[in-house]
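A.B. asks: Each protein sequence line maps, in turn, to chains L and C. Residue numbering for the first sequence follows my numbering, beginning at 35 and increasing consecutively. Residue numbering for the second sequence follows my numbering, beginning at 35 and increasing consecutively. Don't be surprised by glycine CBs; every beta carbon is placed ideally from N, CA and C.
2 protein chains.
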Amino acid sequence: MPKEVTLNDQICFQISRAHQLFNKFYQEPLEKFNLTYVQYITLLSLWENDGVTVNYLSQKLGLSNGTLTPLLKRLEKAGWITRNRDKTDERRVLIHLTQLGKDNKEPILESVQGCLNRLNYNDDEFADAMDTIIDLQHRLEKTNENDK
Amino acid sequence: MPKEVTLNDQICFQISRAHQLFNKFYQEPLEKFNLTYVQYITLLSLWENDGVTVNYLSQKLGLSNGTLTPLLKRLEKAGWITRNRDKTDERRVLIHLTQLGKDNKEPILESVQGCLNRLNYNDDEFADAMDTIIDLQHRLEKTNENDK
DNA sequence: AGTGATTATATTGTATACAATATTAAAGAA
DNA sequence: TTCTTTAATATTGTATACAATATAATCACT
Numbered sequence: 035m036p037k038e039v040t041l042n043d044q045i046c047f048q049i050s051r052a053h054q055l056f057n058k059f060y061q062e063p064l065e066k067f068n069l070t071y072v073q074y075i076t077l078l079s080l081w082e083n084d085g086v087t088v089n090y091l092s093q094k095l096g097l098s099n100g101t102l103t104p105l106l107k108r109l110e111k112a113g114w115i116t117r118n119r120d121k122t123d124e125r126r127v128l129i130h131l132t133q134l135g136k137d138n139k140e141p142i143l144e145s146v147q148g149c150l151n152r153l154n155y156n157d158d159e160f161a162d163a164m165d166t167i168i169d170l171q172h173r174l175e176k177t178n179e180n181d182k
Numbered sequence: 035m036p037k038e039v040t041l042n043d044q045i046c047f048q049i050s051r052a053h054q055l056f057n058k059f060y061q062e063p064l065e066k067f068n069l070t071y072v073q074y075i076t077l078l079s080l081w082e083n084d085g086v087t088v089n090y091l092s093q094k095l096g097l098s099n100g101t102l103t104p105l106l107k108r109l110e111k112a113g114w115i116t117r118n119r120d121k122t123d124e125r126r127v128l129i130h131l132t133q134l135g136k137d138n139k140e141p142i143l144e145s146v147q148g149c150l151n152r153l154n155y156n157d158d159e160f161a162d163a164m165d166t167i168i169d170l171q172h173r174l175e176k177t178n179e180n181d182k
């Protein structure tokens, strides 16, 4: 007799839930900066590498340019970044952090870290959790590759 | 000297990636049924419990009614479900599977299972991965609770 | 029965998210 | 140099996703 397929047994569903919970989780530490979770992740990438193209961010964040273009415009409007055509290659748009974007790195990271600490992961637990998730990604990527 | 905060070290980011990859992963098995991943998850819940309210689905799926109402209307339009006001309590909308929705349970599950098998999880690995994700959810939920 | 509070769903506004298409610029070929 | 191809970003259309608000029905209390 085949086992019944239930919602809660689906790993995709549990990953979705974790994703939703993270979105909610980040609301509190980011509220005072008027940032969403995805906008924070974008800034995180820019704090690592500034002055990059939309395409670079798209690869790094795993988001399409159809998602990024409006998102970056909102970040620009809020004063965190600038968007400028590359003078040497006018197809490209270069994204740079503004002084505001640079100055707020530490306060934002502190606010987020304060919340992350409340998750109470010790180093081993955290490493194990990351390994499990990365391993899942690899399995999914391998399978997705085969589709092409 | 404090460690640098990088994108790839963020567990939230890795969860997001896994979520995105799952969305892509489900495209292939669901394409022939013209279903999205979230629509599939909704049907999965209805195959467990049919004739439920929007509110019930909202709780079960962890989605707001602002998300579910248009999603259910699309499922209705495609012929998978019906939406009817409860005669005994006209505030409620009861969601029922159509014959099409019932008849396609097995074909859809088979199509999905065929892809899931390609993830190559054995029972122990799968159980461990699920435990890790559920544990993460609990940590996030506990923290989110404190915010209220 | 009347009314205030509660419940259930729908709507609105904003923000992801991506596929497909369009636009423009650069690079390469004839 | 002109033409084709390629590359980079933007736009459009559809689908999540949720907070805040609106609407309507029910419940609880007097």
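(1) Give the interface partners of L:L109 over in chain C, defined as CB-CB distance under 9 Å, in chain order.
(2) Against chain L, does C:G148 count as a neighbour if the rule is that its beta carbon must be under 7 Å from one of theirs?
(3) Determine the contact status of C:I167 and L:Q48, defining contact as a CB-CB distance below 7 Å.
(4) Hey, how far is the Cα of L:D165 from the Cα of C:Q133?
(5) Identify every residue that forms a DSSP beta bridge with C:L128.
(6) What are the residues of the stretch 75 to 95 of chain L that lie near chain C, defined by any Cβ-Cβ distance shorter than 9 Å?
(7) Whose C-beta lies closer than 6 Å to the C-beta of L:K176 among residues of the same chain, with five residues either side of it excluded?
(8) Quick check on DSSP: helix, strand or coil for L:V39?
(9) Please confirm if the stretch 114 to 132 of chain L is in contact with the stretch 133 to 151 of chain C, defined as three or more CB-CB distances below 8 Å between the two stretches.
(10) Between the beta-carbon of L:R207 and the beta-carbon of C:Q54, is there less than 7 Å?
(11) What does C:S98 reach in chain L if we use C-beta pairs closer than 8 Å?
(12) Which word fits L:P63, buried or exposed, when buried means at least 16 other C-beta atoms lie within 10 angstroms of its C-beta?
(13) Check this for me: beta carbons of C:S92 and L:L41, under 7 Å apart or not?
(14) DSSP three-state label for L:N57, please.
(15) So if I threshold CB-CB distances at 8 Å, which residues from the stretch 152 to 166 of chain L count as touching chain C?
(16) If you count every other CB in all the chains shown that lies within 10 Å of the CB of C:G135, and 16 or more means buried, which is it?
(17) In chain C, what lies closer than 8 Å to L:T177 by C-beta?
(18) If you run the structure through DSSP and keep just helix, strand and coil, what is C:S262?
(19) Determine the DSSP secondary structure at C:K182, reduced to helix, strand or coil.
(20) Quick one: Cα of L:K37 to Cα of C:E140, how far?
(21) Relative to the C-alpha of L:T116, which candidate in L:F67, L:N156, L:V88 and L:A161 has its C-alpha closest?
(22) Can you tell me the Cα-Cα spacing of C:W81 and C:E124, whole angstroms?
(23) Residues in its own chain within less than 6 Å of C:E110 by CB, not counting five upstream and five downstream?
(24) Mark L:A163 as exposed unless 16 or more other C-beta atoms lie within 10 angstroms of its C-beta, in which case mark it buried.
(25) Closer than 7 Å by beta-carbon distance: list the chain L residues that pair up with C:H53, in chain order.
(26) Chain C partners of L:I168, CB-CB under 8 Å?
(27) Please list the partners that C:F56 has in chain L, where partner means a Cβ-to-Cβ separation under 7 Å.
(28) At the 7 Å Cβ level, is C:T40 part of the contact set with chain L, yes or no?
(29) Assign C:T101 to one of two classes, buried (16 or more other C-beta atoms within 10 Å of its C-beta) or exposed (fewer than that).
C.D. replies: Once the coordinates are examined:
(1) Within chain C, no residue comes near L:L109; the closest Cβ sits about 16 Å away, beyond 9 Å.
(2) no
(3) yes
(4) 43 Å
(5) C:T87 and C:N118
(6) I75, L78, S79, W81, E82, K94 and L95
(7) none
(8) L:V39 falls in the coil class under three-state DSSP.
(9) no
(10) Residue coverage of chain L in this structure runs from 35 to 182, which leaves residue 207 of chain L outside it and unanswerable.
(11) Here the premise fails: no neighbours, minimum Cβ distance about 10 Å.
(12) buried
(13) No, the pair does not count as a contact, with Cβ atoms beyond the cut-off.
(14) Helix.
(15) Here the close residues are R152, L153, N154, Y155, F160, D162, A163, M164 and T166.
(16) buried
(17) F59, C149, R152 and L153
(18) One cannot answer for residue 262 of chain C here, as it falls past the ends of chain C, which runs 35 to 182.
(19) The predicted model places C:K182 with a pLDDT of 39, which falls under 50 and marks its position as unreliable, so this point remains unresolved.
(20) 13 Å
(21) L:V88
(22) Cα to Cα, C:W81 sits roughly 24 Å from C:E124.
(23) Excluding residues within five positions, the ones whose Cβ falls inside 6 Å are R117.
(24) buried
(25) Under the 7 Å cutoff, chain L gives I49, S50 and H53.
(26) Q48
(27) C46, I49 and L174
(28) yes
(29) With fewer than 16 other beta carbons inside 10 angstroms of its own, C:T101 counts as exposed.
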